[in-house]
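Below: one structure, written as structure tokens.
Protein chains: 2
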Amino acid sequence: MAGIFQRASKLRTALRCLSLRCSLSSTAGTRLSPADPYGPFLSCLSSVPSVVSARGLHAGADGPEPSPAAAPERRSFSRVTPEDLAFFRKVLPGRTITDPDLLESSNVDWLRSVRGSSEVLLRPQTTEEVSQILSYCNSRNLAINTQGGNTGLVSGSVPVYDEIILSTALMNNVLSFDSISGILTCQAGCVLENLSLYLEDRDYIMPLDLGSKGSCHIGGNVATNAGGLRLLRYGSLHGTVLGVEVVLADGRVLDCLTTLRKDNTGYDLKHLFIGSEGTLGVITAVSVLCPRKPKSVNVVFLGCETFEQLLQTFQLCRGMLGEILSAFEFLDSECMRLLNTHLKISNPISDCPFYVVIETSGSDATHDGEKLHNFLEEAMTSSFIADGTVATEDSKIKALWSLRERVTEALTHEGYTYKYDVSLPVDRIYQMVTDMREHLGDRAKSVVGYGHVGDGNLHLNITSPAKDAALLAAIEPFVYEWTAGCQGSISAEHGLGLKKRNYIYYSKPSQAVALMGNIKAMLDPKGILNPYKTLPDNLQ
Amino acid sequence: MAGIFQRASKLRTALRCLSLRCSLSSTAGTRLSPADPYGPFLSCLSSVPSVVSARGLHAGADGPEPSPAAAPERRSFSRVTPEDLAFFRKVLPGRTITDPDLLESSNVDWLRSVRGSSEVLLRPQTTEEVSQILSYCNSRNLAINTQGGNTGLVSGSVPVYDEIILSTALMNNVLSFDSISGILTCQAGCVLENLSLYLEDRDYIMPLDLGSKGSCHIGGNVATNAGGLRLLRYGSLHGTVLGVEVVLADGRVLDCLTTLRKDNTGYDLKHLFIGSEGTLGVITAVSVLCPRKPKSVNVVFLGCETFEQLLQTFQLCRGMLGEILSAFEFLDSECMRLLNTHLKISNPISDCPFYVVIETSGSDATHDGEKLHNFLEEAMTSSFIADGTVATEDSKIKALWSLRERVTEALTHEGYTYKYDVSLPVDRIYQMVTDMREHLGDRAKSVVGYGHVGDGNLHLNITSPAKDAALLAAIEPFVYEWTAGCQGSISAEHGLGLKKRNYIYYSKPSQAVALMGNIKAMLDPKGILNPYKTLPDNLQ
Chain A
1 MAGIFQRASK
11 LRTALRCLSL
21 RCSLSSTAGT
31 RLSPADPYGP
41 FLSCLSSVPS
51 VVSARGLHAG
61 ADGPEPSPAA
71 APERRSFSRV
81 TPEDLAFFRK
91 VLPGRTITDP
101 DLLESSNVDW
111 LRSVRGSSEV
121 LLRPQTTEEV
131 SQILSYCNSR
141 NLAINTQGGN
151 TGLVSGSVPV
161 YDEIILSTAL
171 MNNVLSFDSI
181 SGILTCQAGC
191 VLENLSLYLE
201 DRDYIMPLDL
211 GSKGSCHIGG
221 NVATNAGGLR
231 LLRYGSLHGT
241 VLGVEVVLAD
251 GRVLDCLTTL
261 RKDNTGYDLK
271 HLFIGSEGTL
281 GVITAVSVLC
291 PRKPKSVNVV
301 FLGCETFEQL
311 LQTFQLCRGM
321 LGEILSAFEF
331 LDSECMRLLN
341 THLKISNPIS
351 DCPFYVVIET
361 SGSDATHDGE
371 KLHNFLEEAM
381 TSSFIADGTV
391 ATEDSKIKAL
401 WSLRERVTEA
411 LTHEGYTYKY
421 DVSLPVDRIY
431 QMVTDMREHL
441 GDRAKSVVGY
451 GHVGDGNLHL
461 NITSPAKDAA
471 LLAAIEPFVY
481 EWTAGCQGSI
491 SAEHGLGLKK
501 RNYIYYSKPS
511 QAVALMGNIK
521 AMLDPKGILN
531 PYKTLPDNLQ
Chain B
1 MAGIFQRASK
11 LRTALRCLSL
21 RCSLSSTAGT
31 RLSPADPYGP
41 FLSCLSSVPS
51 VVSARGLHAG
61 ADGPEPSPAA
71 APERRSFSRV
81 TPEDLAFFRK
91 VLPGRTITDP
101 DLLESSNVDW
111 LRSVRGSSEV
121 LLRPQTTEEV
131 SQILSYCNSR
141 NLAINTQGGN
151 TGLVSGSVPV
161 YDEIILSTAL
171 MNNVLSFDSI
181 SGILTCQAGC
191 VLENLSLYLE
201 DRDYIMPLDL
211 GSKGSCHIGG
221 NVATNAGGLR
231 LLRYGSLHGT
241 VLGVEVVLAD
251 GRVLDCLTTL
261 RKDNTGYDLK
271 HLFIGSEGTL
281 GVITAVSVLC
291 PRKPKSVNVV
301 FLGCETFEQL
311 LQTFQLCRGM
321 LGEILSAFEF
331 LDSECMRLLN
341 THLKISNPIS
351 DCPFYVVIET
361 SGSDATHDGE
371 KLHNFLEEAM
381 TSSFIADGTV
391 ATEDSKIKAL
401 WSLRERVTEA
411 LTHEGYTYKY
421 DVSLPVDRIY
431 QMVTDMREHL
441 GDRAKSVVGY
451 GHVGDGNLHL
461 NITSPAKDAA
471 LLAAIEPFVY
481 EWTAGCQGSI
491 SAEHGLGLKK
501 RNYIYYSKPS
511 QAVALMGNIK
521 AMLDPKGILN
531 PYKTLPDNLQ
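Top line first, the protein sequences correspond to chains A and B. With the UniProt record's numbering, letter number 161 in the first sequence gets 161, and the count goes up by one each step, no holes. With the UniProt record's numbering, letter number 324 in the second sequence gets 324, and the count goes up by one each step, no holes.
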């Protein structure tokens, strides 16, 4: 006991601070920056992806490759004619873009890993305009790539060949907000951060928060079933999205834009479109159930000697923090080394093999502080944690979060990075990192693990001085087979897009994939919506 | 101020008790009985529905009518032959039931309102057996009615004609439970209450609780997207069900029985089956994300002078109770009159036009008590509540809940009852009751409203001395048009089943219903699964 407290001097001090703070509420209402691994990049993104940010990322080291490199041959869609352009200009005067310079940023994905060759960007403002465009394109057999903030990580949001880019950027109006129920209805092109700001003024928050919030669109979030930081607390978009309005491939408008928490009248069609990556319809509006803004937020940064102790900490934390727990994230010592080396971020506690970021969000600062204090005392008494520090000020809260958020940025300085985003049973999360390290031996420069423990979501990153075909061959399919071996998901939150579509069978049985194909054929018989994405090439 | 406290003497006393209790935790771990309006009946149900409980309910006054009375003509399914029975007996030795006495309870719905004429009841134990049965029935064009606990309220769980009844009753094994993640995987026929008891031993709870928990099956809950008491806190089954295993109409097994919180690999097919009422496939197993068991539960019963004040109380409560609020239910003074008159239950506070039951569930009894105390003081100071009482003991908690739970039972003594279950924008909930009262004038004996304010879910009940065609004509379609007029749902949590299938257009646009028909045709081209249910007769 005494030994623990001697070792964990910072934590002892922090506990005293927390005890003191329990009688205050100075940080009530504090809002945190997101903890998405891609946070620091995406939130800096304006319209053109940063070259620096893409450097060294998987497939992006030498600039974006043409998308077809990763796709099957161009399907027999029509090509855009002057008559087509005349039609688009009539429907969207001044919002039919053909200038190659203006199209550049929409043709390249955020990671700068692939490049399409679209020559037309359409910017509708209304559902009716989207309907007219799709009806026309369907009749003309013209392929469409719907694009929100273009912040996706699997090349799902850019054209592969010459698909027409349909941007939701000008569909950015809040349609209604009910301050009693907390239900927001808005167009698909609203930027997530703008919605968050809109709601904060009304004492609510969005149920999701992502590093890309400054750029991503809510329609894109819903279309890709975005996860992010708040999933542990508020659940997935399948639970918080109450309704969607969708334009189908043939231009029909499907109005499922209900604002009801309960509605058991027939099949709940909206779920088909949540996570379908724009392949089944174009989401034009959504309604979302929003939680009340927490009055109190706390963050602690802890060190654990083993991953087993980290899991014990998680269990204890769920029991003792209960309803106020809003994040439980981890990073390993390799991540800390990269933060130290490349970003000069120092470790605020003593060196440990594993680190944890815990966030609480609640309605009473005193109660939250007491719960956190009791949990930390118990965790120390039980020897689950070796050291730790508690954030009691806004700046320190942000500093602690940055340890988790900036790992991806640190990785970009390490060389070429092979990135994986997998879901695993919580108790197997780190075994994958250990096994991969052993499997690769000296072939990899480093193998690092971090992610959302609370959601069973590991971000596995493997670095190399440069692109290395032999290394890739050693990683894949090993990583997918390992994931499949424990019934995990080979894409936890990033989706399949162009890059991972053919790996779907590692996580879904063929019966399920075949049924997905049937649904695609039913809703988009000509296959004009976001072709070459999500579904595998060998689908029949 | 002083006036309020003088009037609310019971509440003042209660607040003192609560303050005292804040230093204790005597009721930690208290579990509450459910607040579903049908609670007292369904939880008494063993296998045969109680005649008493059904007396006076809509369409049940004179005993169950043949189901076809409400259905279109029998479709051209095959009839069961001796060869079919021989096949079933080979697959299910000793579990192919043809004794009419044993079939009786499975042919009649719980409300005793309709009666099918099935002559075969099949009781499989495994998914493989279900697969063999469906494959055979599909090839033979034999219709199937899948039945869980047969506790539904829209006659969705009983045959209409001679459909074969496929019972999940013997598929009642827990398959796995992960004590770190709280993820339960079990067969579809597990009784909800048994799962709750299993989990309580492991410090978890099911994310749903229903009055029918003693009889209903988890597979039926998922197939009907059951709502219930905990929805306000833990959300709908679309959020908490992580995976399902489904046998399709042709016998193929669709394995979506994932136990992952995050999985973005293709379309999330499980949602098609949640709430599809057995018309798209037979759910054979589910995996569910279970919340930790709350350490502290409190209940208060309050009176409000106006519905506007009740809504203000709800708003205040959401802000001040925040993350510990687990139920916000209401009943009107007519409900209280029925409780007094028929069940001799006395009002524990002074007479008010509206009453509220608020439940909190949290991880710290002291904190929860303090939050509740502060909320009640503020609500009184703001004159939102006129009187109230706080439950500090288990017996009193149950007594307060019974005021909400036993309204349905009280209604059965009032004569013939026309029952409606609608979702509305929260601020319109009671306007429907007021408008209906005005609309019906002296034609109705009483018009009462109660339900789940937190979910925007009203249970509207209209009583009459006896069945009254003129009264029914005055109620319908008025009630559906009123609901549609504010974009509500004509079935919030009960589903459509046989009884409400043709009213679907009041809540869903024709495009959506047509798409539902396409999905049905894709998954069950012969229409053998639960025919005459959910989808309207005029669907093509």
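Here a beta-carbon is modelled for each residue, glycine too, at the ideal position from N, C-alpha and C.
Legend entry - Nearest candidate by alpha-carbon position, reference Glu163(B), set Leu184(B), Cys137(B), Ile180(B): Here residue 163(B) corresponds to residue number 163 of the second sequence, with the count starting at 1. Taking only the C-alpha atoms, the option nearest Glu163(B) is Cys137(B).
Inset, instruction - Ignore the nearest five residues each way along the sequence and tell me which others in Thr306(B)'s own chain have a CB closer than 8 Å to its CB. - result: Within the second sequence, residue 306(B) is the residue found at index 306, counting from 1. Pro353, Phe354, listed in sequence order.
Inset, instruction - Tell me where the alpha helix (DSSP H) around Ala71(B) begins and ends. - result: Here residue 71(B) refers to the residue found at position 71 of the second sequence. Counting along the chain, Ala71(B) falls outside any alpha helix (DSSP H), and DSSP gives it neither H nor E.
Legend entry - Spatial distance of Ile205(B) from Gly488(A) (CA atoms): Here residue 205(B) refers to the residue found at position 205 of the second sequence. Here residue 488(A) refers to the residue found at position 488 of the first sequence. About 25 Å.
Legend entry - DSSP beta-bridge partners of Arg292(B): Here residue 292(B) refers to the residue found at position 292 when the second sequence is read from its first residue. For Arg292(B), which the question treats as bridged, DSSP gives the partners Tyr204(B).
Legend entry - Contact list for Ile144(B) against chain A, beta-carbon separation under 9 Å: Locating residue 144(B) in the second sequence gives position 144, counting from the first residue. Simply none; closest approach about 18 Å.
Legend entry - Close-in-space but distant-in-sequence residues of the same chain around Ile349(A) (CB under 7 Å, 5 per side omitted): Mapped onto the first sequence, residue 349(A) falls at position 349. So the list reads Lys10, Phe301, Gly303, Asp387, Gly388, Thr389, once near-sequence residues are dropped.
Legend entry - Within-8 Å CB hit, Ala327(A) to chain B: Counting from one through the first sequence, the residue named residue 327(A) turns up at place 327. Not an interface residue.
Inset, instruction - Just the C-alpha distance for Leu192(B) and Ile274(B), rounded to the nearest angstrom, thanks. - result: Here residue 192(B) corresponds to residue number 192 of the second sequence, with the count starting at 1. Here residue 274(B) corresponds to residue number 274 of the second sequence, with the count starting at 1. Straight-line Cα distance between these residues: approximately 16 Å.
Inset, instruction - Would you mind sorting Leu321(B) into buried or exposed? The rule is 16 or more other CB atoms within 10 Å of its CB. - result: In the second sequence, counting from the first residue as 1, residue 321(B) sits at position 321. Leu321(B) is buried by the Cβ-count criterion.
Inset, instruction - Mind listing the chain B neighbours of Gln511(A)? Cutoff is C-beta to C-beta under 9 Å, in chain order. - result: Here residue 511(A) is taken as the residue at index 511 of the first sequence, counted from 1. Near Gln511(A) (Cβ distances below 9 Å), the residues of chain B are Leu248, Arg252, Val253, Leu254, Asp255.
Legend entry - Ser131(A) classed as buried or exposed, judged by whether at least 16 other C-beta atoms fall within 10 angstroms: Start at 1 with the first residue of the first sequence, and residue 131(A) comes out as number 131. Ser131(A) is buried by the Cβ-count criterion.
Legend entry - C-alpha gap between Val48(A) and Ser105(A), whole angstroms: Here residue 48(A) refers to the residue found at position 48 when the first sequence is read from its first residue. Here residue 105(A) refers to the residue found at position 105 when the first sequence is read from its first residue. Confidence at Val48(A) is low in this model, with a pLDDT of 29, below 50, so its placement is unreliable and no value can be given for it.
Legend entry - chain A contacts made by the stretch 279 to 309 of chain B, where a contact means CB separation under 7 Å: Arg292
Legend entry - Residues, ordered as in the chain, of the stretch 492 to 522 of chain B that lie near chain E by beta-carbon distance below 7 Å: The structure shown contains no chain E; its protein chains are A and B.
Inset, instruction - Starting from Cys256(B), trace the beta strand (DSSP E) both ways and give me its first and last residue. - result: Residue mapping note: residue 256(B) aligns to position 256 of the second sequence, counting from 1. Here the beta strand (DSSP E) through Cys256(B) covers 253 to 256.
Legend entry - Inter-residue Cα distance where the pair is Val288(B) and Tyr198(B): On the second sequence, position 288 is the one that residue 288(B) refers to. On the second sequence, position 198 is the one that residue 198(B) refers to. Their Cα atoms are separated by approximately 14 Å.
Legend entry - Cβ-Cβ separation, Pro68(B) to Arg160(B) (assumed contact under 8 Å), whole Å: Counting from 1 along the second sequence, the entry for residue 160(B) is found at position 160. Counting from 1 along the second sequence, the entry for residue 68(B) is found at position 68. The displayed chain sequence assigns Val, not Arg, to residue 160(B). Val160(B) to Pro68(B), Cβ: 6 Å. Contact.
Inset, instruction - Quick one: grab the DSSP three-state call for Asn457(B). - result: Taking the first residue of the second sequence as 1, we reach residue 457(B) at position 457. In the structure shown, Asn457(B) sits in a strand (DSSP, three-state: E or B).
Inset, instruction - Under 7 Å between beta-carbons, which chain B residues line up against Asp209(A)? List them in chain order, please. - result: Working through the first sequence from its first residue, we reach residue 209(A) at position 209. Within chain B, no residue comes near Asp209(A); the closest Cβ sits about 15 Å away, beyond 7 Å.
Legend entry - Ser464(B) vs Tyr416(B) beta-carbon contact at 8 Å: For the purposes of this step, residue 464(B) is identified with residue 464 of the second sequence, where counting begins at 1. For the purposes of this step, residue 416(B) is identified with residue 416 of the second sequence, where counting begins at 1. For Ser464(B) and Tyr416(B), yes; Cβs fall inside 8 Å.
Legend entry - Sub-8 Å separation of Ser176(B) and Ser113(B) beta-carbons: By 1-based counting over the second sequence, the position of residue 176(B) is 176. By 1-based counting over the second sequence, the position of residue 113(B) is 113. No; because the gap between Cβ atoms is not below 8 Å, this pair is not in contact.
Inset, instruction - Measure the alpha-carbon distance for Gly454(A) versus Ala365(B) and round it to whole angstroms. - result: As a first step, residue 454(A) must be located in the first sequence, where it is residue number 454. As a first step, residue 365(B) must be located in the second sequence, where it is residue number 365. Answer to the nearest angstrom: the Cα atoms are 25 Å apart.
Legend entry - Interface partners of Tyr323(B) on chain A, CB under 7 Å: Indexing the second sequence from 1 puts residue 323(B) at position 323. Inspection of the sequence shows that residue 323(B) is occupied by Glu rather than by Tyr. Residues of chain A passing the Cβ test: Glu323, Ile324, Gly362, Ser363.
Legend entry - Distance CB(Ile324(A))-CB(Glu370(B)) smaller than 8 Å: The residue you call residue 324(A) lines up with position 324 of the first sequence. The residue you call residue 370(B) lines up with position 370 of the second sequence. Taking 8 Å as the Cβ cut-off, Ile324(A) and Glu370(B) do not qualify as a contacting pair.
Inset, instruction - Output the distance between the C-alpha atoms of Leu166(A) and Ile165(B), rounded to the nearest integer angstrom. - result: Sequence index remark: in the first sequence, residue 166(A) carries index 166 (1-based). Sequence index remark: in the second sequence, residue 165(B) carries index 165 (1-based). Rounded to the nearest angstrom, the two C-alpha atoms are 49 Å apart.
Inset, instruction - Out of Tyr234(B), Ala71(B), Leu539(B), Tyr505(B), point me to the one whose CA is closest to Thr483(B)'s CA. - result: For this step, residue 483(B) is matched to residue 483 along the second sequence. That would be Tyr505(B), whose Cα lies nearest to the Cα of Thr483(B).
Inset, instruction - State the start and end residues of the unbroken beta strand (DSSP E) segment that holds Ser215(B). - result: Locating residue 215(B) in the second sequence gives position 215, where the first residue counts as 1. From DSSP, Ser215(B) is part of no beta strand (DSSP E); its letter is neither H nor E.
Inset, instruction - Decide yes or no for the touch test of the stretch 253 to 260 of chain A against the stretch 257 to 275 of chain B: beta carbon pairs closer than 8 Å, at least 3 of them. - result: no
Inset, instruction - Let me know the beta strand (DSSP E) ranges lying completely inside the stretch 280 to 360 of chain B, each 3 residues or longer, listed in chain order. - result: 282 to 289, 296 to 304, 325 to 332
Inset, instruction - Alpha carbon to alpha carbon, how far is Ala188(A) from Ala521(A)? Give it in angstroms, no decimals. - result: Translated into the one-based positions of the first sequence, residue 521(A) becomes position 521. Translated into the one-based positions of the first sequence, residue 188(A) becomes position 188. Rounded to the nearest angstrom, the two C-alpha atoms are 24 Å apart.
Inset, instruction - Identify, in the order they occur along the chain, each residue of the same chain with its Cβ nearer than 7 Å to the Cβ of Arg140(B), setting aside the five sequence neighbours on each side. - result: Locating residue 140(B) in the second sequence gives position 140, counting from the first residue. The residues are Ser78, Asp84.
Inset, instruction - Would you mind telling me which residues of chain B sit closer than 8 Å to Lys398(A), beta carbon to beta carbon, in chain order? - result: Within the first sequence, numbered from 1, the residue matching residue 398(A) stands at position 398. The premise fails here: Lys398(A) is roughly 23 Å from chain B at the closest Cβ pair, so nothing lies under 8 Å.
Inset, instruction - Leaving aside the five residues before and after Ser25(A) along the sequence, list all residues of the same chain whose C-beta is less than 6 Å from its C-beta, in chain order. - result: Position 25 of the first sequence holds residue 25(A). Caution is warranted here: a pLDDT of 29 is assigned to Ser25(A), below 50, making its placement in the model unreliable, and no coordinate value can be reported.
Inset, instruction - Quick one: using the 10 Å Cβ neighbour count with 16 as the cut-off for buried, is Asn518(A) buried or exposed? - result: Residue numbering aside, residue 518(A) sits at position 518 when the first sequence is read from its first letter. When all chains shown are included, Asn518(A) counts as exposed.
Inset, instruction - Select from Pro291(B), His452(B), Arg115(B) the residue whose C-alpha is nearest the C-alpha of Ser179(B). - result: Counted from its first residue, the second sequence places residue 179(B) at position 179. Out of Pro291(B), His452(B), Arg115(B), Pro291(B) has the C-alpha closest to the C-alpha of Ser179(B).
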